[in-house]
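This report concerns only the one structure given below.
Listed below in structure tokens is the structure:
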């Protein structure tokens, strides 16, 4: 009979482990360790502590920052999960020198970095500059909409939230009535109202009561949230600085993480998180923030003057265009219709959409007739958009619903009815028209497509490769801390790949 060595998985084993040997050169953990230990100024944290004479010893901010950056780089953004890997993963043990900060310490460290996060980001940016990773000639701006730690179910206008509260209270009244009937029936049967179903019923009622009370308290303490148009937009009870945003992945309650990227090695030179899905006013704050960052690492205020700058059509607004002129950027920001004017796409372009020339104007009635001879009536006499004034005419919804040509009249065949915008003038210099001419030029058609190769891979790395695809904190200040940490992880990886040894 064959003989085999015995084994027992329940036995304990003592293994000699060298912590430094776990941090292998060429890995992200090694790069994080080296940068935090020797090249990042961690003295910005010292003002937090007052335990030099009395009090318990605190965790070194170097340890906490290393652990957080490595955890984020692996898609671990929950403080409880970070606590777990510090106890279970040998690489995290090596980075933390076998110290085991609990989740509350980690969460407090991250959420309280309001004053330290920008200096840390700028230190990483300075290292990128020293390692010759910044080109300084071509920049691209874009945003990445990520869900926040807030539910869409708690969103609505004040009227919506009041109705939600009334609906909950009505449901509570119905459940209470059912509970009374159940208690009476169980009392007759001798159960005494203590069955499992009865307890669950009462727990559900208490949960609904708390929801109604939460909504009532919020309504008493907050006013309506007003958008850029001056009209009320949806508030959110959990995180009112976040917003409902439409993305390729559906509608989310979240923040719009903006990144301004240097083209040479896709280094993020500035990042900021906004509670607005539309990008019509984001160019100004991003350029101003990037200028401050570059000044802090040794450049002058005119660093971006005359530099190539690209952003997609979502940034095409009078505000953004005026800012690009003010900063003397060599900007390429197309309007929504720039592709329809591109002769290179004529061979693959589907059947032409109806334009203004396809509608017949009746001057006496001040109406338009569409190609199907349906009437469009005046809806707005004067609307300002991207520097142009328009009169807007609208069709009847019933006419558009039954129209066989709606796919040529409405964008992508969608929309409830046709709105026809007729230009009637401009406000001062028509920046939109100037930018359209610039984009349509031979140079513009070559430069603008480079935007995709500069900025889109950055978001792919952050969101897909690193799985930093959501925010776990609440409020713009804390979310911005987390977004800058995401940007730092991306830049540190670039340093690892191209500069740090």
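Numbering (our numbering), first residue to last: 4 to 504.
Where a beta carbon is used, it is the ideal one built from N, C-alpha and C, also for glycine.
- Secondary structure at residue 52: coil, using DSSP grouped into helix, strand and coil.
- In this structure, residue 278 places its C-beta atom within 7 Å of the C-beta atom of residue 479.
- Residue environment for residue 319: buried (at least 16 other C-beta atoms within 10 angstroms of its C-beta).
- For residue 273 against residue 501, the beta-carbon gap comes to about 20 Å, at or over 8 Å, which does not count as contact.
- Beta-bridge pairing by DSSP links residue 147 to 260.
- Spanning the alpha carbons of residue 56 and residue 72 requires a straight line of approximately 31 Å.
- Within the same chain, Cβ atoms closer than 7 Å to the Cβ of residue 464 are found at 493, the five residues on either side in sequence being excluded.
- Pairing residue 215 with residue 225, the inter-Cα distance amounts to about 16 Å.
- In its chain, beyond the 5 residues on either side, 145 have a beta carbon closer than 8 Å to the beta carbon of residue 459.
- With respect to the 7 Å criterion, residue 245 and residue 154 are not classified as neighbours on the basis of their beta carbons.
- It is roughly 27 Å from the alpha-carbon of residue 78 to the alpha-carbon of residue 240.
- At least 7 Å separates the beta-carbon of residue 129 from that of residue 271.
- When the alpha-carbon of residue 327 is set against those of 54, 61, 285, 92, the nearest one is in 285.
- Boundaries of the alpha helix (DSSP H) around residue 289: 286-299.
- It is roughly 22 Å from the alpha-carbon of residue 51 to the alpha-carbon of residue 85.
- With a beta-carbon spacing of about 6 Å, residue 75 and residue 488 fall inside the 8 Å limit used to define contacts.
- Residue 450 and residue 335 do touch by the CB rule: their CB atoms are close to 5 Å apart, below 8 Å.
- When rounded, the separation of the alpha-carbon atoms in residue 366 and residue 385 is 17 Å.
- By the neighbour-count criterion, in which a residue is buried when 16 or more other Cβ atoms sit within 10 angstroms of its Cβ, residue 20 is exposed.
- Residue environment: residue 256 is assigned as buried (16 or more neighbouring CB atoms within 10 Å of its CB, all protein chains considered).
- A residue is called buried once 16 or more other Cβ atoms fall within 10 Å of its Cβ, and residue 27, having fewer, is exposed.
- The residue from 370, 261, 287 with its alpha-carbon nearest to that of residue 275 is 261.
- Per DSSP, the unbroken beta strand (DSSP E) holding residue 250 starts and ends at 246-250.
- Between the alpha carbons of residue 305 and residue 140 lies a gap of roughly 13 Å.
- With fewer than 16 other Cβ atoms inside 10 Å of its own Cβ, residue 408 counts as exposed.
- Taking a contact as a CB-CB distance under 8 Å, the pair residue 159 and residue 232 does not count as one, their CB atoms being some 18 Å apart.
- Checking the DSSP bridge columns, you'll see residue 333 partnered with 311.
- Distance from the Cα of residue 93 is smallest, within the candidate group 83, 360, 5, 18, for 18.
- 7 Å or more divides the Cβ of residue 337 from the Cβ of residue 455.
- Linking residue 339 to residue 435 through their CA atoms gives a straight-line distance of about 11 Å.
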